[in-house]
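>
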Amino acid sequence: MGPGTVAMTGAAGTIGSVLREALRADAERLILVDRVPLRPAAPNEEVRAADLRDATAVAAALAGADAVLHLGGLPDEAPLPELLDTNVLGTHHVLEAARRTGIRRVVLAGSNRVTGFHLVGHLTGPDEPVRPDGLYGVSKAAVEALGRLYADKFGLSVLCLRIGSFERVPTETRHLATWLSHRDAVGYVRAALAAPPVPGFTAVYAVSANTRRYWELPAPAALDYVPVDDAETHAADIPGADLAADPAAPQGGPYARPECTLPHLPHPGAGP
Ligand SMILES: NC(=O)c1ccc[n+]([C@@H]2O[C@H](COP(=O)([O-])OP(=O)(O)OC[C@H]3O[C@@H](n4cnc5c(N)ncnc54)[C@H](O)[C@@H]3O)[C@@H](O)[C@H]2O)c1
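Read in order, the letters of the sequence shown are residues 3 to 274 in this note's numbering.
#1: Going by DSSP in three states, D154 sits in which element: helix, strand or coil?
#2: Shorter than 7 Å, the distance from the beta carbon of V38 to the closest heavy atom of ligand 1, or not?
#3: Give the secondary structure of L264 by DSSP, where H, G and I count as helix, E and B as strand, and everything else as coil.
#4: Looking at C-alpha atoms only, which residue of A194, P220, V116 and V171 is the closest neighbour of Y138?
#5: Going straight from the alpha carbon of P131 to that of A44, what length do you get?
#6: Would a C-beta distance cut-off of 8 Å place L195 and V109 closer than the cut-off?
#7: Below 8 Å on the Cβ atoms is my contact criterion, and I expect L21 with A205 to pass it. Report the Cβ-Cβ distance as a whole number of Å.
#8: Less than 7 Å separating the Cβ of T88 from some heavy atom of ligand 1?
#9: Taking A224 as the reference, give the member of G127, S19, A65 and A63 with the closest Cα.
#10: Given 7 Å as the limit, tell me if G75 has its C-beta closer than that to any heavy atom belonging to ligand 1.
#11: How should G123 be labelled, buried or exposed, when 16 other C-beta atoms within 10 angstroms of its C-beta is the threshold for buried?
#12: May I ask you to list the residues that DSSP assigns as paired with P252?
#13: Relative to ligand 1, is the shortest distance from any of its heavy atoms to the C-beta of R133 smaller than 7 Å?
#14: Report the residue from P5, A52 and V49 whose alpha carbon sits nearest the alpha carbon of E30.
#15: Can you look up T16 in the DSSP assignment and give me helix, strand or coil?
#16: Helix, strand or coil: how does DSSP classify V200 here?
#17: Have a look at G12, L91, A24 and P83 and flag the residue whose alpha-carbon is nearest the alpha-carbon of R50.
#18: Would the C-beta of P52 count as close to ligand 1, meaning under 7 Å from any of its heavy atoms?
#19: Whole angstroms are fine: how far does the CA of T175 sit from the CA of G15?
#20: With hydrogens ignored, establish whether the beta-carbon of S113 is closer than 7 Å to any heavy atom of ligand 1.
#21: Is the beta carbon of V70 sitting closer than 8 Å to the one on L64?
#22: Could you spell out the range, first to last residue, of the alpha helix (DSSP H) harbouring V230?
#23: If you reduce the DSSP assignment to three classes, tell me which class T213 lands in.
#24: By a C-beta neighbour count over all protein chains shown, 10 Å radius and 16 as the cutoff for buried, is R26 buried or exposed?
#25: Have a look at G118, S183 and G66 and flag the residue whose alpha-carbon is nearest the alpha-carbon of P229.
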């Protein structure tokens with residue numbers, strides 16, 4: 003099955019900009035949704051502005067779509083109210099629009115940071131308990147829970163891609179495990195949109211075939227894509243790549259440190 007009309011939220015973002023170029027060749031129509039201005043770059047592209055925090059605007063932006071690729075959101079640590087508003091409520095608005103209008107397939111941008119406190123020495127699969135490495139990871143765990151709820155209760159077909167480190171090339175030692183190349187990101191998303199819209203929820207890690215990865219690749223029944231890139235081919239350019247990672251360290255690396263979250267916690271005396 004072809005992807006038909008695909009709506010992509012977060013279309014102006016880092017990942018959206020890369021995926022847009024690939025998907026415009028696949029989709030009959032590509033609806034680009036973001037709160038920042040965008041311009042169509044092909045006859046089958048259409049731009050619709052919407053703030054994810056506005057349920058009515060989201061429903062209008064997704065009207066007519068057969069599938070939604072929901073990339074929009076805050077991609078890193080932030081105060082929890084902001085993460086809840088944009089990531090959690092925003093995803094709720096997307097799923098609600100899908101339920102009401104019969105959108106067959108929803109693909110969610112999840113994050114590896116839902117399991118950042120699992121240890122480097124442990125090959126982690128998507129069915130293990132979440133162990134978020136910060137408030138952002140908590141928001142993405144709630145995003146997954148919403149996806150599962152809408153699949154279980156309303157029969158939507160929801161796939162959550164727990165995206166690794168989306169970079170042109172890996173540049174730091176953690177990326178040797180976590181890198182998701184542009185080519186593999188396109189491959190994962192194409193497979194996610196091409197899969198039959200069977201009701202149910204699935205989460206998979208979207209990571210390249212890195213020799214040092216600590217996440218399972220998707221089971222073929224969950225998602226029909228085998229990644230092709232390996233961060234190891236760039237190891238010579240990464241300082242410290244010759245040192246073995248500590249198997250007892252958290253997978254989230256610097257994101258798992260208190261300093262990552264402390265600046266985003268309320269200050270005593272700063273008001274309610
Ligand atoms: N980049 C990565 O390595 C990575 C890793 C794991 C998960 N992810 C997830 O993938 C998705 C895309 O990440 P990215 O790196 O492209 O982030 P990005 O910040 O570059 O893009 C996010 C987009 O969402 C839009 N957006 C933010 N708030 C919005 C709102 N209230 N209403 C409408 N649009 C809004 C922004 O304008 C932006 O264009 C995010 O959900 C992120 O959490 C990214």
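Backbone N, C-alpha and C define an ideal beta-carbon position, used for all residues, glycine too.
The short version:
#1: Indexing the sequence shown from 1 puts residue 154 at position 152. Secondary structure of D154 (DSSP, three-state): helix.
#2: One-based indexing of the sequence shown puts residue 38 at position 36. Flag set: Cβ of V38 near ligand 1.
#3: Looking up residue 264 in the sequence shown gives position 262. In this structure, L264 counts as helix in the three-state DSSP scheme.
#4: Mapped onto the sequence shown, residue 138 falls at position 136. Measuring from the Cα of Y138, the nearest candidate turns out to be V116.
#5: Residue mapping note: residue 131 aligns to position 129 of the sequence shown, counting from 1. Residue mapping note: residue 44 aligns to position 42 of the sequence shown, counting from 1. Cα-Cα distance, rounded: 42 Å.
#6: Residue 195 sits at position 193 when you count from the first residue of the sequence shown. Residue 109 sits at position 107 when you count from the first residue of the sequence shown. Contact flag set, yes.
#7: Numbered from its first residue, the sequence shown carries residue 21 at position 19. Numbered from its first residue, the sequence shown carries residue 205 at position 203. No, L21 and A205 are not in contact; Cβ-Cβ is about 19 Å, not under 8 Å.
#8: Residue mapping note: residue 88 aligns to position 86 of the sequence shown, counting from 1. Residue side-chain check: T88 places its Cβ nearer than 7 Å to a non-hydrogen atom of ligand 1.
#9: The residue labelled residue 224 in the question sits at position 222 within the sequence shown. Comparing Cα-Cα distances from A224 to each of G127, S19, A65 and A63, the minimum goes to G127.
#10: Residue 75 sits at position 73 when you count from the first residue of the sequence shown. Yes, ligand 1 has a heavy atom inside 7 Å of this Cβ.
#11: In the sequence shown, counting from the first residue as 1, residue 123 sits at position 121. The residue in question, G123, is exposed, as its Cβ has fewer than 16 Cβ neighbours within 10 Å.
#12: As a first step, residue 252 must be located in the sequence shown, where it is residue number 250. By DSSP's assignment, P252 forms a beta bridge with L121.
#13: Taking the sequence shown and counting its residues from 1, the one referred to as residue 133 is at position 131. No.
#14: Taking the first residue of the sequence shown as position 1, residue 30 is located at position 28. Among P5, A52 and V49, the Cα nearest to that of E30 belongs to P5.
#15: The residue given as residue 16 occupies position 14 in the sequence shown. It is helical.
#16: Along the sequence shown, read from residue 1 onward, the residue named residue 200 stands at position 198. It is coil, neither helix nor strand.
#17: As a working note, residue 50 is residue 48 in the sequence shown. Among G12, L91, A24 and P83, the Cα nearest to that of R50 is on G12.
#18: In the sequence shown, the residue the question calls residue 52 occupies position 50. Here residue 52 is Ala; the residue named in the question, Pro, does not match the sequence. Yes, Cβ of A52 sits closer than 7 Å to a heavy atom of ligand 1.
#19: Mapped onto the sequence shown, residue 15 falls at position 13. Mapped onto the sequence shown, residue 175 falls at position 173. Each residue's alpha carbon lies about 25 Å from the other.
#20: Stepping through the sequence shown from its first residue, residue 113 is reached at position 111. Yes, the Cβ of S113 comes within 7 Å of a heavy atom of ligand 1.
#21: Within the sequence shown, residue 70 is the residue found at index 68, counting from 1. Within the sequence shown, residue 64 is the residue found at index 62, counting from 1. It is a contact, given that the beta carbons lie within the stated cut-off.
#22: Reading the sequence shown from its first residue, position 228 is the one you call residue 230. Taken as a continuous stretch (DSSP letters only), V230 belongs to no alpha helix (DSSP H), as it is neither H nor E.
#23: Here residue 213 refers to the residue found at position 211 of the sequence shown. Residue state, collapsed to three classes: coil.
#24: Translated into positions along the sequence shown, residue 26 becomes position 24. Burial check for R26: the Cβ neighbour count within 10 Å reaches 16 or more, so the residue is buried.
#25: If you number the sequence shown from 1, residue 229 lands on position 227. Comparing Cα positions, the closest option is S183.
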